[in-house]
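Since the structure comes first, as C-alpha cells, the remarks are kept for the end.
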Amino acid sequence: MSNTTQQQYAGRPPARILQYNTGKSPTAFQVMQAAIPDTDANILLVQEHPLLDGTPSTLDDFHCFSSHKQACRAVTYVRKKAFKSTSVISDPHADFVVMSVILHSKDRKSPSINIANCYNRLQNRNWRTRDQPTHPLDALFHEIFALADLLVGDMNKHHPRWEAGRQPSQWAQNLVDIYNAADFRLANTPNTPTLYPINDNKPAVLDLAFFNQDHITVTNWHTHLEHKAQDHTPISYQAWPKTGTHQEYKGYNWKNTNRARVA
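This note's numbering applies: residue 1203 is where the sequence shown begins, and numbers increase by one.
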C-alpha cells in the first residue's frame, strides 16, 4: 500500500479477511485455522462449513454468525474486540448472511463495512434438456448488492471477466450486469484459479469478491496454495472504508435489520 493510501486510511484499521470454501471437510476447516496467524485475519468468511449436528464449530477469540439455524451454507466469524460492534442485517437464509461491521476510528462517526458472505449453490438442472443450472441466489443478487459494500463467496459461475476464454451462461452474465449496475468492482486478480478440482479437471475461478468502489477499497488480494486442503484454496485480502463514507442503506426489503448484535 502506498504512503498516500496509508495516510488516507490512518486511524482506520482494515477488515482483514480470509475467505474459504471448505467443501464440508473438517480437515479443510482445520487447515483454514492454521492460516489465520499467517494472514492475521479478523474476519473469516466460510462457505460449505463442515457442520456438526447442523451447527458450525466455535473458534476461540471469534464470534460466530451462521446464515441460518438449520442447513446453513455460509458462516462468518468475527474476531472478538477487533471492531467497535458487529451485527447481522439480513434475514435468515441458508445460503448467505450479511454482517455490518463498525470499525474503531478517530472519526466523529465510525465507518462501517457491510459484508455479504454467500454460497451460490447449484439448485436445479435438467440434464436431459441441458437447461442452464439455477442457483437460489440468482434472484436475490440485486437485493444483496444493494445491502453490501463487499459481496464474496463461491458463485459457481464462469465468465471471461475473471477467467479468460470462458463462455458465460446467461446467469453468469446476469451477475456481471448486476455488479456493474451497482458500481461494484471485482477484487480478484483475473485468471488466478481459486479451485483445483481433485478429479484433475482444469483449474477454475469460482470464489469471487466484489466491492463497492465508492464506499471501500480492497487491497492485497491473493490465494494461499500452501493452505489448500481440498479443491478450493483460501483467499485473503483487506477491506478499507473510504474517508467520509457513512452510507445509509435503503431500497432493500429485509424486515428485521440488526437481528443480532455483538459489541
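No residue lacks a Cβ here, since even glycine has one placed at the ideal position from N, Cα and C.
Query: Reduced DSSP category for Met1357 - H, G, I as helix; E, B as strand; rest coil; Result: coil
Query: Range covered by the alpha helix (DSSP H) that runs through Pro1443; Result: Premise fails: Pro1443 lies in the beta strand (DSSP E), 1437 to 1443, not in any alpha helix (DSSP H).
Query: Cβ pair count under 8 angstroms reaching 3, the segment 1416 to 1431 against the segment 1359 to 1376; Result: no
Query: Given Cys1266 as reference, the closest of Lys1282, Pro1252, Gly1256 once Cα atoms are compared; Result: Lys1282
Query: Rounded distance between the beta-carbons of Asn1322 and His1344, thought under 8 angstroms; Result: Actually they are not in contact, since the Cβ atoms of His1344 and Asn1322 sit about 14 angstroms apart, beyond 8 angstroms.
Query: Start and end residues, beta strand (DSSP E) containing Phe1413; Result: 1409 to 1414
Query: Touch test, the segment 1429 to 1440 against the segment 1381 to 1401, Cβ-Cβ under 8 angstroms, three pairs minimum; Result: yes
Query: The alpha helix (DSSP H) enclosing Thr1241, as first and last residue numbers; Result: 1228 to 1241
Query: beta-carbon Phe1386 near the ligand HEM non-hydrogen atom, thresh 6 angstroms; Result: By its list of ligands, the structure shown contains no ligand whatsoever, and the ligand HEM lies outside what it can speak to.
Query: Beta-carbon gap between Arg1218 and Gln1440 smaller than 7 angstroms; Result: yes
Query: Three or more C-beta pairs below 8 angstroms linking the segment 1244 to 1257 and the segment 1219 to 1234; Result: yes
Query: Residues near Asp1356 in its chain [Cβ-Cβ closer than 6 angstroms; skip 5 each side]; Result: Asn1223, Gln1249, Tyr1321, Leu1408, Asp1409
Query: Beta carbon of Asn1316 nearer than 7 angstroms to that of Ala1350; Result: yes
Query: Separation of Ile1304 from Ser1269, as counted between CA atoms; Result: 19 angstroms
Query: Same chain, Cβ closer than 7 angstroms to Tyr1381, neighbours up to 5 away in sequence not counted; Result: Phe1347, Phe1412
Query: Assigned exposure category for Gln1221 - 16 Cβ within 10 Å defines buried; Result: buried
Query: Phe1467, enclosing beta strand (DSSP E) - first and last residue; Result: The structure shown does not extend to residue 1467, since the chain is modelled only from 1203 to 1465, so the question has no answer here.
Query: Alpha helix (DSSP H) segments (min. 4 residues) lying fully within the segment 1366 to 1400; Result: 1372 to 1383
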